[in-house]
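S.K.:
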Amino acid sequence: MNLQKIILISFGYFDSEFLKKITENIHREFFVNVEIKDGHLDLSDFFEAERGQYNANKLSHFIESHFSKDDSKIIGLFNVDIFIPIFTYIFGQAYLKGRSGIASSFRLSNERYGIEADDDLLLERFSKEIIHELGHTYGLIHCYNSDCIMRSGTYVEDIDQKNSSLCPKCKETLLSI
Amino acid sequence: MSKNISILIVDDEDSVRESLYSWFKEDGYKVECAENAKTALSKLESNSFDIILADVKMPGMDGLEMLRRIKTLKKESIVIVMTAFATVDTAVQALKDGAFDYITKPFDPDDLSHLIRNASKQISLAYENENLKERMVSLENVDYIIGNSEAIRKVLHDVESVAQSNSSVIITGESGTGKELIAKAIHSNSSRRYFPLVSVHCGALTESLLESELFGHEKGAFTGAMYNRKGRFEMADSGTIFLDEIATISPKMQVELLRVLESKIFMRVGGNKEITSDFRVICATNRNLKQMVEEGTFREDLFYRLNVVNIHVPPLRERTGDIPMLTEYFIKKYCISMNKPPIPIDPTALQRLEEFDFPGNIRELENMVERAIVIGNGKKITLRDLPLEKNIISSSVESLDEQEKIHISHILSKYDWNISRTAKALQIDRVTLYNKIKKFNLKASGK
Ligand SMILES: [Zn+2]
Ligand SMILES: [Zn+2]
């Protein structure tokens, strides 16, 4: 398996300890170098007042055009409520077999659902979301194995139902890429 | 199943076409787009699509007119109409004109996937009816249930005879026998397989948490809740709910559960809207529920509601013939997950595994194999890598290293050598734990 290296661009929402743990979780899944970089941008350019949310398509496009230099896989990490025009919200998105994607922890934290904060759970959910989007950039599509991290999840509860890793089938597909 | 289903998206807005195109692509569907009705109709002349997702408001011919034309062309076409909020009347008209369903923009991602699953189900059922002779006679997608022993074949036979029905099932068996996999096999061979199998580990949750997990809650039910939270029953709509460790639920939850099973109607915590959900229930337990009923700790009425069919999963010591296949399966699984080619196991080691008692059943075997791959030489699994014998730990401890070794080994055995759970308890990551196991040459003490 010769996967391209991974770069996570953090836009200032996460502390270094949290990011370090995410890096470890991702490394464990793909066995490639995972780097963290700081990104800066004025998010107000991406805010759409009518919906009170941030436009994920514009964010994806920004990441792809400003950070994709070589064949590394890039994921932009945010903590704002993101949407695409056709959906009420998304957790993240990536270009299939592409070079980049984005993920937001906004709707992944317990507090937004009125449940006691749980930092470990947030770390787990966010790691899963990032690994899922990275899977797409490596060319994996959704999987019907209910434990697999590549199973599509539209609710935060769906994310909790799946494991933190690829199922053997997806892993094999990844190895053959 | 999605791989064989094709979808045509008809919408004049680029962003809608692009978003839906990538959404369905990621789901494994064959997708094409058309920016207006005219293009769509000409695509339909040369190709057939299983599902057509069409916007109502388009310049030129609108979605409703297109729907009527498609329906005259091919009556059984599945057309889903997309509308903006203001045009619900149009949606009603669309249904009269034969649309399969309609969905309002912007969609909740979950609503869209539910709708597409409904459509996929209809398509496959129609296909199965057409091909009566090719109907599913044997179990599909059970390749994760490993073994060829008579005991496991009987279980699979039970699965086969109950899968297509809607009956509640209780799966009994010792811990670690793989009851959840049996639930999975039942679900994936039922007509509910297009919808989710939702698991709840009842034993891991307190009463109030379990209530919110099962029924969900409305935003505002608790301070700071910005969004509604779907409960497991709601998530399992049209699918199956799997309640693991059912014997652990409190008397109050037993009453609530019974009520939901009878009515299939419930309310979210803090809500006042009744929610209906059509789910099938599969439970699992390692306890003797009948005895609990006699002792008065488990409600009798609930027991009879759940126990329509009972499938018993035998312990591993009653199917030792499956140990070689299981071992091979786990070696492959863990080698792949650690990014290395599968390694062989020494015949003597395998023989000793076949003789071992395995009180922790398949899970114990799995943990043993995982651990052997971690601590072994990476070329072959030998007897030395397997914790089949008692290991005496020295009691003179002064150095920090020695303390660490004892502590880690203690936590490892507490969690049955489950690497993830141990790492979590120790608050270190799995790689660090692997390294420490290697460094200290840790082995589980024989049980
Ligand atoms: Zn996805
Ligand atoms: Zn998978």
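Protein chains in written order, with my numbering: chain F, 1 to 177; chain W, 1001 to 1447.
Even for Gly, the Cβ is constructed at its ideal location relative to N, Cα and C.
As the structure is a computational prediction, the values presented were derived from the model and not from experiment.
(1) For a contact meaning CB atoms closer than 7 Å, what does residue 1489 of chain W contact in chain F?
(2) When Cβ atoms are compared, which residues of the segment 1227-1245 of chain W fall closer than 7 Å to chain F?
(3) Do residue 169 of chain F and ligand 2 come close, with the Cβ less than 6 Å from some heavy atom?
(4) Tell me whether the beta-carbon of residue 73 of chain F lies closer than 7 Å to the beta-carbon of residue 9 of chain F.
(5) At a Cβ threshold of 7 Å, is residue 1073 of chain W touching chain A?
(6) Which residues neighbour ligand 1 when neighbourhood means a C-beta less than 6 Å away from any of its non-hydrogen atoms? List them by chain order.
(7) Which residue's Cα is closest to the Cα of residue 1232 of chain W: W/1247, W/1261, W/1209, W/1198?
(8) Would a check of beta-carbon distances place residue 1016 of chain W closer than 7 Å to chain F?
(9) Looking only at its chain, what residues have a beta carbon closer than 7 Å to the beta carbon of residue 1341 of chain W, apart from the 5 residues adjacent to it on each side?
(10) When the Cβ atoms of the segment 98-113 of chain F are set against those of the segment 162-169 of chain F, are three or more pairs found closer than 8 Å?
(11) Mapping DSSP to helix, strand and coil, what is residue 179 of chain F?
(12) Work out the CA separation of residue 1436 of chain W and residue 1428 of chain W for me, nearest whole Å.
(13) Rounding to the nearest angstrom, what Cα-Cα distance links residue 146 of chain F and residue 1183 of chain W in this structure?
(14) Is the separation between the beta-carbon of residue 1284 of chain W and that of residue 1406 of chain W shorter than 7 Å?
(15) Could you name the residues of the same chain whose beta carbon sits closer than 6 Å to that of residue 152 of chain F, not counting the 5 residues immediately before and after it, in chain order?
(16) Which chain F residues sit within Cβ distance under 8 Å of residue 1430 of chain W?
(17) Please report the straight-line C-alpha distance between residue 1188 of chain W and residue 1251 of chain W, rounded to a whole angstrom.
(18) Once DSSP output is grouped into helix, strand and coil, what is the label at residue 1016 of chain W?
(19) Excluding the 5 residues flanking residue 45 of chain F on each side, which residues of the same chain have their C-beta closer than 8 Å to its C-beta?
(20) Compute the minimum distance between the beta carbon of residue 1202 of chain W and the heavy atoms of ligand 2, and state whether it is under 6 Å.
(21) Tell whether a beta-carbon distance below 7 Å holds between residue 1325 of chain W and residue 1147 of chain W.
(22) What residues of chain F sit near residue 1336 of chain W, judged by a beta carbon separation below 9 Å?
(23) Return the first residue and the last residue of the beta strand (DSSP E) that residue 35 of chain F is part of.
(24) Helix or strand or just coil, what does DSSP make of residue 142 of chain F?
(25) Check whether the Cβ of residue 145 of chain F lies closer than 6 Å to any heavy atom of ligand 2, and answer yes or no.
(26) Which of the residues in the segment 1025-1057 of chain W, read from start to end, lie with their CB under 8 Å from any CB of chain F?
(27) Identify every residue that forms a DSSP beta bridge with residue 1413 of chain W.
(28) Kindly examine ligand 2 and report whether one of its heavy atoms sits closer than 6 Å to the Cβ of residue 148 of chain F.
(29) Going along chain F in order, which residues have a C-beta closer than 7 Å to the C-beta of residue 1197 of chain W?
(30) Rank F/82, F/119, F/33 by C-alpha distance to the C-alpha of residue 2 of chain F and give the top, closest one.
(31) Decide if residue 31 of chain F is buried, meaning its Cβ has at least 16 other Cβ atoms within 10 Å, or exposed.
(32) List the residues of chain F that residue 1020 of chain W touches, going by C-beta distances under 7 Å, in chain order.
M.R.: Judging by the given coordinates:
(1) Nothing can be reported for residue 1489 of chain W: it is not among the residues displayed for chain W, which extend from 1001 to 1447.
(2) Correct list: 1227, 1229, 1230, 1235.
(3) In this structure, ligand 2 has a non-hydrogen atom nearer than 6 Å to the beta-carbon of residue 169 of chain F.
(4) Their beta carbons are not under 7 Å apart, which means residue 73 of chain F does not touch residue 9 of chain F by this criterion.
(5) Annotation note: the requested chain A is absent from the structure, which comprises protein chains F and W.
(6) Those residues, listed in chain order, are F/132, F/136, F/142, F/152, W/1026.
(7) Ranking W/1247, W/1261, W/1209, W/1198 by Cα distance to residue 1232 of chain W puts W/1198 first.
(8) For residue 1016 of chain W, the answer is yes, since a Cβ of chain F falls inside 7 Å of its Cβ.
(9) Excluding positions up to five away in sequence, the list reads 1335.
(10) With the cut-off at 8 Å, the segment 98-113 of chain F and the segment 162-169 of chain F do not touch.
(11) Residue 179 of chain F falls outside the range modelled here, since chain F spans only 1 to 177, and no answer is possible.
(12) Taking the straight line joining both Cα atoms gives about 10 Å.
(13) Roughly 12 Å separates the two Cα atoms.
(14) No, Cβ-Cβ distance for residue 1284 of chain W and residue 1406 of chain W is not below 7 Å.
(15) Take residue 152 of chain F, set aside five residues on each side of it, and the residues of its chain with a beta-carbon closer than 6 Å to its own are 142, in chain order.
(16) Result: 28.
(17) So the two alpha carbons sit approximately 31 Å from each other.
(18) In this structure, DSSP gives residue 1016 of chain W a helical state, which the three-state scheme calls helix.
(19) Contacts found: 58.
(20) Result no, Cβ not under 6 Å from ligand 2.
(21) Yes, the Cβ-Cβ distance between residue 1325 of chain W and residue 1147 of chain W is below 7 Å.
(22) Ordered by position in chain F, the residues that pass the 9 Å Cβ test against residue 1336 of chain W are 168, 171, 172, 175.
(23) Counting along the chain, the beta strand (DSSP E) containing residue 35 of chain F begins and ends at 34-38.
(24) The DSSP-derived three-state label of residue 142 of chain F is coil.
(25) Distances between the C-beta of residue 145 of chain F and the heavy atoms of ligand 2 include at least one below 6 Å.
(26) Cβ contacts with chain F come from 1025, 1026, 1027, 1028.
(27) None, per the DSSP bridge assignment.
(28) Checking the Cβ of residue 148 of chain F against ligand 2 gives yes.
(29) Within 7 Å Cβ-Cβ: 146.
(30) Minimum Cα distance to residue 2 of chain F is reached at F/33.
(31) So residue 31 of chain F ends up on the exposed side.
(32) Per Cβ cutoff of 7 Å: 86.
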